[in-house]
Amino acid sequence: MAIREIVKQGDEVLNKKCRPVEKFDSKLWKLLDDMKETLADANGVGLAAPQVGFLRRICIVDVGDEDGVIELINPEIIKQSGSQRPQEGCLSCPGVWGYTERPMNVTVRAYDRNGNVFEKDATELKAQAFSHEIDHLDGILFTEKVVEFIEEE
Ligand code: CO
């Protein structure tokens, strides 16, 4: 495993739409393992493949609960309800914080690293994280979803 460099806001790789994963092979597993190590090192809640320079529909989420790191390949939000205005940041936008508008509940359908489809319900922070990471796969940064930026003291 290896820690990868996290791409920062301003790099155009973060504004591109990612292509679906077609091969569930050892190259994918290596990338996922590296992303997990990179996320843990950065102490983050989620990381998407474009943030380490890969334009593929892959992201991981870890809100620190019993699920551990959730790997999402070709994820789609198939259901969402409610809304929340959580505080949000992004590993690609150091020092930038704001309140965003996110769904309170989401159901995501995705593939695991072996190519098996699964569905996952999420609420609050995990729903926010799924929404944030899937946005990355469409080239959307959280700053586009901010309703109010938080000024640093
Ligand atoms: Co982010």
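Taking numbering that gives the first Met the number 0, the leading residue of the sequence shown gets 0, the next gets one more, and so forth. We put the beta carbon where it would ideally sit given N, CA and C, even for glycine.
query	result
Just mark Gly-67 as buried or exposed, buried being the case when its beta carbon has 16 or more other beta carbons within 10 Å.	exposed
Just to confirm my understanding: we take Asp-8, look at its own chain, exclude 5 residues before and 5 after, and list those with CB closer than 7 Å. What are they?	Reading off the sequence, residue 8 comes out as Gln, not Asp. Within the same chain, Gln-8 has close Cβ partners Ser-91, Cys-92, Leu-140.
Write down the C-beta distance between Gln-83 and Arg-101 rounded to the nearest angstrom, noting that I regard them as a contact closer than 8 Å.	5 Å
Just to check, is the beta-carbon of Phe-129 closer than 7 Å to a non-hydrogen atom of the ligand CO?	no
Any idea what DSSP makes of Lys-15, helix, strand or coil?	coil
Would DSSP call Ser-80 helix, strand or coil?	strand
Tell me whether Ile-59 is buried or exposed, calling it buried when 16 or more other Cβ atoms sit within 10 Å of its Cβ.	buried
Would you please state the rounded distance, in angstroms, between the beta carbons of Ile-72 and Leu-30? I believe it to be under 8 Å.	Not really, about 10 Å apart at Cβ, beyond 8 Å.
What is the DSSP secondary structure of Pro-49, counted as helix, strand or coil?	helix
Which value, in whole angstroms, describes the spacing of the CA atoms of Ile-77 and Glu-151?	36 Å
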